[in-house]
Structures are given as C-alpha cells and as structure tokens.
Amino acid sequence: MNAPSTGEAERLRAILVMLIGLKTAIVEGDIVGGTCVNTGCVPSKALLSVCGRMQELQNEHHLKSSGLQVFLSLPPRSLTNTK
C-alpha cells in the first residue's frame, strides 16, 4: 500500500496495513507531518492556549481577588514575529 502523505490519518492507515502484514510505503511531496501538525490543528491550539493565558494575566480584578499581583512586560511585537 502507498500512503500519499504523512498526515495523521495516513500514518494511522499505514500502521494498520502494516499490522495485517502488508508492506507500506509513505510518499510525501511536501512537509512531513501534514497540515494538522504543521499549520492546522496543533499550531492553532498552541496559539489559543497562549492567548488564553495572556487574557488570564490581564484579568487583574480576578487575580487581585485571589490575592495575586502579576506584572507582565513583553514587547507586543515579540509575540507576533515569525521566522
């Protein structure tokens, strides 16, 4: 069986086919890992998590009611720069 990419679904299918005793070849014409790992689900969830934590830190009245005081000093552009 040939798997046309290395996305999560194709990787699972290749493993299942291998477990039943067939030979498997994975052919990737782009970035290894597929859309979900590289540009879709995983990066989106990481970004949402960071944004959620920042929103919690900016919610001063909630923090003060818990007896916490937080000072956050980050250059705004450092959060959006990409390589």
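Positions -29 to -1, 1 to 54 (mature numbering (1 follows the signal peptide of the UniProt record, and there is no 0)) are the ones given, in order, by the sequence shown.
Idealized CB from N, CA, C, for every residue including glycine.
Here's a check: name, in chain order, each residue in its chain whose Cβ is nearer than 7 angstroms to the Cβ of residue i, leaving out the five neighbours to either side.
i: residue 33; result: none
Rounded to whole angstroms, what is the Cα-Cα separation between residue i and residue j?
i: residue 31; j: residue 19; result: 20 angstroms
i: residue 29; j: residue 39; result: 12 angstroms
i: residue 1; j: residue -17; result: 19 angstroms
i: residue -3; j: residue -22; result: 14 angstroms
i: residue -19; j: residue 27; result: 37 angstroms
By Cβ distance, which residues of its chain are closer than 8 angstroms to residue i, with the 5 residues on each side in sequence left out?
i: residue -12; result: -6
Which of the three DSSP states, helix, strand or coil, is assigned to residue i?
i: residue -10; result: coil
i: residue 85; result: Outside the shown range of the chain, which is -29 to 54, sits residue 85, and nothing can be said about it.
Using a Cβ cut-off of 8 angstroms (strictly closer), state whether residue i contacts chain B.
i: residue 11; result: As a matter of chain content, chain B is missing from the structure shown, which is built from one protein chain.
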